[in-house]
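When the letters of the sequence shown are read in order and numbered with the working numbering, they come out as residues 118 to 365.
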Amino acid sequence: MATEYPENLSFPIVGYNLENGSPKTNNIYGTASYLKNNIFITAGHSILNAKESEFTAIAFRDKMDSTSNYIYHTIEQAEIFEDLDIGIVKLKKGHINAKADKWTSKSAEMLGDVFALGYPFGYNISENEFVVRGLQGYIVTKRRFHEFQKKPSVYELSFHCPKGISGASLKNSDSWHVMGFIIANASTEILVYEEKEIDETENKKTIYEKYETTKYGIAITVDNLLDRKSSILKTTFREYLEKEGLLE
Numbered sequence: 118m119a120t121e122y123p124e125n126l127s128f129p130i131v132g133y134n135l136e137n138g139s140p141k142t143n144n145i146y147g148t149a150s151y152l153k154n155n156i157f158i159t160a161g162h163s164i165l166n167a168k169e170s171e172f173t174a175i176a177f178r179d180k181m182d183s184t185s186n187y188i189y190h191t192i193e194q195a196e197i198f199e200d201l202d203i204g205i206v207k208l209k210k211g212h213i214n215a216k217a218d219k220w221t222s223k224s225a226e227m228l229g230d231v232f233a234l235g236y237p238f239g240y241n242i243s244e245n246e247f248v249v250r251g252l253q254g255y256i257v258t259k260r261r262f263h264e265f266q267k268k269p270s271v272y273e274l275s276f277h278c279p280k281g282i283s284g285a286s287l288k289n290s291d292s293w294h295v296m297g298f299i300i301a302n303a304s305t306e307i308l309v310y311e312e313k314e315i316d317e318t319e320n321k322k323t324i325y326e327k328y329e330t331t332k333y334g335i336a337i338t339v340d341n342l343l344d345r346k347s348s349i350l351k352t353t354f355r356e357y358l359e360k361e362g363l364l365e
């Protein structure tokens, strides 16, 4: 598995405008993973943010080498599951250089090793260059995400997930099976020190506080999606993945 090119497994969601007939990239808004049949999955907010540009596309390397260019394939259809911040898109027909990884419905163990490939701060605007990066860590816990109304199950991750990695698939480090999709960060803040100064001459009080903050990446677990029906897939995720041989 380690010999796979990361650009074959993770793909930037790009917003662009046309200048003199050529695409001018505005930014990378997230990372997508392949589901076969020109269908990809990413974060819902990545699709919405990219749509602020004139055109929205997924970019692909034409060859797997450091000097090759990216080719843009325009998104033809999009479907967003707002309660999970997950979206799937379908591209216009055409040859794409992409590989789909299997999903697993098995829950990850606490402290289990995981990783994500994607494009955190992945657009170097001065060089018009896309940079794919890998983030690796472990599962901190599995819990309910109370920030969403239906409180879906999520994994807390030991690593922070910067802008551009949203939508990337979270994978088991051993099997490379997909266990979830990165959507956000969460933080815990605790007051660890407080000191008060009172100036009686000026009737002024100053309070000094020190907080300790911990940040975690957040990934939606795949079990939230498996029995969800999709208009693009024309069936549930589970049935589609089983038909395509993508569910362990």
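A virtual CB, placed ideally from N, CA and C, is assigned to each residue, including glycine. Quick caveat, the model's predicted, so the values are computed rather than measured.
Query raised in the report: Just checking my contact of Glu361 with Lys209 at CB under 8 Å: how many whole Å lie between their CB atoms?
Result: Contact doesn't hold; Cβ gap of about 20 Å is too wide.
Requested in this report: Consult DSSP for Asn367 and reduce its assignment to one of helix, strand or coil.
Outcome: An answer regarding residue 367 cannot be provided, because it is not within the stretch 118 to 365 covered by the chain.
Query - Under the three-state DSSP convention, the category Ser347 falls into - result: strand
Requested in this report: Determine the burial state of Arg178: buried for a count of at least 16 other Cβ atoms within 10 Å of its Cβ, exposed for fewer.
Outcome: buried
Query raised in the report: By a C-beta neighbour count over all protein chains shown, 10 Å radius and 16 as the cutoff for buried, is Gly334 buried or exposed?
Result: buried
Query raised in the report: Got a sec? Which residues, its chain only, sit under 6 Å from Ala167 by beta carbon, not counting five neighbours each side?
Result: Ile130, Gly132, Tyr146, Thr173
Query raised in the report: Do His64 and Glu365 have their C-beta atoms within less than 7 Å of each other?
Result: Residue 64 is absent from the structure shown; the chain starts at 118 and stops at 365.
Query raised in the report: Nearest-angstrom Cα distance between Phe128 and Phe247?
Result: 10 Å
Query raised in the report: Is it the case that the CB of Asp200 approaches a heavy atom of the ligand NAD more closely than 6 Å?
Result: The ligand NAD is absent from the structure shown, which contains no ligands of any kind.
Query raised in the report: Three-state secondary structure (DSSP) at Gly251?
Result: strand
Query raised in the report: In terms of alpha-carbon separation, which member of Glu306, Lys321, Asn320 lies closest to Thr330?
Result: Glu306
Report task. Identify every run of the beta strand (DSSP E) within the stretch 131 to 170, keeping only runs that are complete inside it and at least 3 residues long; order them along the chain. Result -> 139 to 151, 156 to 160
Query raised in the report: Can you list, in chain order, the stretches of the alpha helix (DSSP H) that have 4 or more residues and sit fully within the stretch 261 to 343?
Result: none
Requested in this report: Go to Tyr189, then tell me how far its beta strand (DSSP E) extends in each direction, as first and last residue.
Outcome: 187 to 198
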